[in-house]
Every structure is written in structure tokens, then in C-alpha cells.
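Please read the structure below before turning to the comments.
Protein chains in written order, with this note's numbering: chain A, 1 to 217; chain B, 1001 to 1217.
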């Protein structure tokens, strides 16, 4: 669950996302204290201080951290200090919801190509983007400088679509299909599995533990 | 990011979900080794051994862990050894995708009530479930013994919907609205934020790190 490539854990990345959002929400502040950042994110004060300490000692005693610099450092790590062109593959219910999802563009993520295998959709446009068949992927990736794909196809179509994307040179894939897809080591894959999230919820709601404390690992 | 209620970390819960799935996939095995479980989940062998050690020493030397008992222990922790009745709030594109999502029912999660605020949808049926206005929530929660809700409404409607659910006695909420909703301490809330997941992907794809190694925290 930890990226071998960066040594940065998934939970740390998530916290960086929350800090990044909190800094935007913090408005016109020039400095922010770890306490304020803890309050805005709902995270513990000690945890926030520890995370920030990794950036080196650039906090100013009695004032806190310079907001502009902190934003810049975090967005540099998250890769949100630039624009990402994204291809959406699969324009069913989920794909349509993702296409209209607020928040992507604010962080520099823009869906600039759409693919589906439904002949009734291919050739039509969605917000000015022509929907293409998957056989157009490689051409569109080149033409539109696409670096990321979002896979929102049924489980049985996912591996094929991922293989096509990898073949087109894509190095970053966000997969929503509830199936384990395989990618070469150089390709970054993030899976969003709704069942896993529901299990996390039922685990919390159950609050039971078998055989003692299972601590973070 | 760690549950105060169970002391179990989110990444550990996620791994338990993967183990659970791998054990189902393992087919007719009576015993499973940590190596085999590592192979099936793609996780490290040492990590799997460490996780399993928390269950106590019930592995059999030279054979591995008894599959049936391991399944039972994990599903007991995850709360998937029982059925959960779920209300889906919001039947837009995302809600429709979630309603048809494969995999929920396999783990005991069943959407048995649907709510929307669209007069054009209220009163209609979806797979035998009558779509209701949110004012029916409390009645339906009681009648159908609903314990979880999935919130798939627009950001500006989310807090109101969550408040209504909490008022109806719901203690477990899976929120897809891209907004920070507030719940009382006794209520379990899991947020799925697609932008955070895309940031995780761009972070991995960027592979950059500001100021040294940020290790798991």
C-alpha cells in the first residue's frame, strides 16, 4: 500500500490533499499555524506538525508556516502545480458522473478526450469533446498530450482497455472497474473500489476486533 | 486517518479487504500460506505475515493458515459476516452507477431504499424499490432496518441529507459528495473524494518529493 517509487504512503498523500484544500480555504492568510491547519483538516495537531516537519524548518516561530510556500511545496509533491490532460474511457452512468465532477479542474485535472464502445455514442459530442471508439486512443493520446486515463468500464472490459492505454504510452491510470487489472511496473495504477470503502465503513460501524489491537501497519 | 474507535488503520482495513477477496479467489484451498496470500494480493510477504500475526498464532507450521477460520476472522472484523441494509440517497448518474454496482451484495451490502428529490423520479420504481422523497427517510429506516446510507447528491445538498440521516438514527455514512460534511462523534463517516484519488495518482506519476523522504506516518 506504500508506493515503492516515492516512499510516500497513501495516507500521507491523502493528508497532503487535505492540507492543500485547507490552505485554499484559509483565504487571505499569509502564515498558518499547525493548530489552524489541524482545525481546518480535522487531523491531530501532533500529526500535522510531524508532517510539516518533513518539509524542513521553514516555519517562523510565533507565526507559523508561510501559506504561499507551503501550497507550492505540497502541490509540487502532489503534481498539481501543472495541468494534466485526461482521457475518460467509458461513458456510462459512472463515466458521466466523473465527467461532470466538480473539483477535478480546480486541481489541474482536465478530461480532454472521451472513449466509449457504444456506436450510439461514438461521433457525438459531450461539452465540445467528440466521443471516440477505443481504437482512436493512441492517436488522441498523441494529439492531445494525454498522460492519464480514467477507466470507468465494466469489469470484464477493464483489462483490455488498460492494455490499450499502456500500449499508447499512458503511465497513470485511475481504475474504477471492480477487478484487479495488471500493469507493467513503470505504470502507476490507483484503484477505487467502492466495496472496499463500504467494508471500511462496516468495519468502523462494527467496531469489533478479533484478537487484540490491530494497529496501523 | 486512523479510527479512534478500533485503533485499526485505514490501510490495514484495505488490506483486510484484499485478503478477504483473495481467500474467496483461492477456491478450494483448506490452508493458505502467507506467500500465497502475498501473491494473490500483490502485497509483500513480510507485511502479510505481520498482519496475520495479529490474529494470534493459529497458522499450522508447514501448512499455513486455515482458510475457513481466516475468512471468518477477517469478515468478523470487517463486519461483512452479516447483511447490511443500505439507503441510497441521490439517483443521478453516480447514484445509478452505485445502485447497479456489482460486488456490494456479494459482501452482504444491499441497497433496499432509494431517495431522490426529483418529482419526476419519486414514486417510480427501480428494480422493485420505490423511489421516495427524503422526507420518507426516517420511516424507511425504521421499516427496512436500514443502518447505512450512501450519499450521492450534489455538494450543496450533502450536509442537509447527512443531517436528516443522522436524525433518523443512521450511524454509518458513505459520502461521495465532494464536500466536507460534519457528523456527531458517534457516527461513522467514510468520504470518497475522486479528486484526492487523482492527486494520489498525479503524486505517484510525478514521483517528485520536496525535501527528502516522506515516509508513511
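Even glycine gets a Cβ: it sits at the ideal position worked out from N, Cα and C.
Distance, residue j Cα to residue i Cα
i, j, result
"residue 19 (chain A)", "residue 49 (chain A)", "12 Å"
"residue 12 (chain A)", "residue 1190 (chain B)", "17 Å"
"residue 129 (chain A)", "residue 112 (chain A)", "7 Å"
"residue 138 (chain A)", "residue 171 (chain A)", "13 Å"
"residue 163 (chain A)", "residue 1159 (chain B)", "40 Å"
"residue 9 (chain A)", "residue 40 (chain A)", "22 Å"
"residue 1186 (chain B)", "residue 1166 (chain B)", "10 Å"
"residue 1200 (chain B)", "residue 14 (chain A)", "7 Å"
"residue 1142 (chain B)", "residue 155 (chain A)", "35 Å"
"residue 34 (chain A)", "residue 1069 (chain B)", "45 Å"
"residue 27 (chain A)", "residue 67 (chain A)", "10 Å"
"residue 1082 (chain B)", "residue 202 (chain A)", "10 Å"
"residue 1057 (chain B)", "residue 1123 (chain B)", "54 Å"
"residue 212 (chain A)", "residue 1054 (chain B)", "Because the pLDDT at residue 212 (chain A) is just 34, under 50, the model does not fix this residue reliably, and the point stays unresolved."
"residue 1136 (chain B)", "residue 1144 (chain B)", "12 Å"
"residue 1046 (chain B)", "residue 1101 (chain B)", "33 Å"
"residue 1173 (chain B)", "residue 125 (chain A)", "36 Å"
"residue 1134 (chain B)", "residue 1106 (chain B)", "27 Å"
"residue 1096 (chain B)", "residue 127 (chain A)", "21 Å"
"residue 71 (chain A)", "residue 1076 (chain B)", "42 Å"
"residue 36 (chain A)", "residue 21 (chain A)", "13 Å"
"residue 110 (chain A)", "residue 1025 (chain B)", "37 Å"
Beta-carbon proximity of residue i to residue j, cut-off 9 Å
i, j, result
"residue 104 (chain A)", "residue 132 (chain A)", "no"
"residue 32 (chain A)", "residue 23 (chain A)", "yes"
"residue 90 (chain A)", "residue 161 (chain A)", "yes"
"residue 52 (chain A)", "residue 65 (chain A)", "yes"
"residue 152 (chain A)", "residue 92 (chain A)", "yes"
"residue 117 (chain A)", "residue 157 (chain A)", "yes"
"residue 1074 (chain B)", "residue 1016 (chain B)", "yes"
"residue 84 (chain A)", "residue 140 (chain A)", "no"
"residue 205 (chain A)", "residue 1188 (chain B)", "yes"
"residue 80 (chain A)", "residue 108 (chain A)", "yes"
For residue j and residue i, believed in contact at Cβ under 8 Å, the rounded distance
i, j, result
"residue 176 (chain A)", "residue 94 (chain A)", "6 Å"
"residue 1086 (chain B)", "residue 1149 (chain B)", "7 Å"
"residue 1098 (chain B)", "residue 194 (chain A)", "7 Å"
Chain-ordered neighbours of residue i on chain C, where CB pairs are closer than 9 Å
i, result
"residue 94 (chain A)", "Going by chain labels, chain C is absent from the structure shown, which instead holds the protein chains A and B."
query = In the segment 163–197 of chain A, which residue ranges form an unbroken beta strand (DSSP E) of at least 3 residues, counting only runs that do not cross its ends?
reply = The qualifying runs are 172–175 and 188–191.
key: Contact between the segment 174–183 of chain A and the segment 1054–1072 of chain B (3+ Cβ pairs under 8 Å)   = Under the 8 Å Cβ criterion, the segment 174–183 of chain A does not count as touching the segment 1054–1072 of chain B, having fewer than three qualifying pairs.
Any alpha helix (DSSP H) of 4 or more consecutive residues that is wholly inside the segment 19–82 of chain A = Qualifying alpha helix (DSSP H) stretches, in chain order: 34–41, 45–53 and 67–78.
task = Note down, one range per segment and in chain order, each beta strand (DSSP E) of at least 3 residues found wholly within the segment 1112–1166 of chain B.
result = Taking 3 residues as the minimum length, the beta strand (DSSP E) runs contained wholly in the segment 1112–1166 of chain B are 1129–1132 and 1148–1151, in order along the chain.
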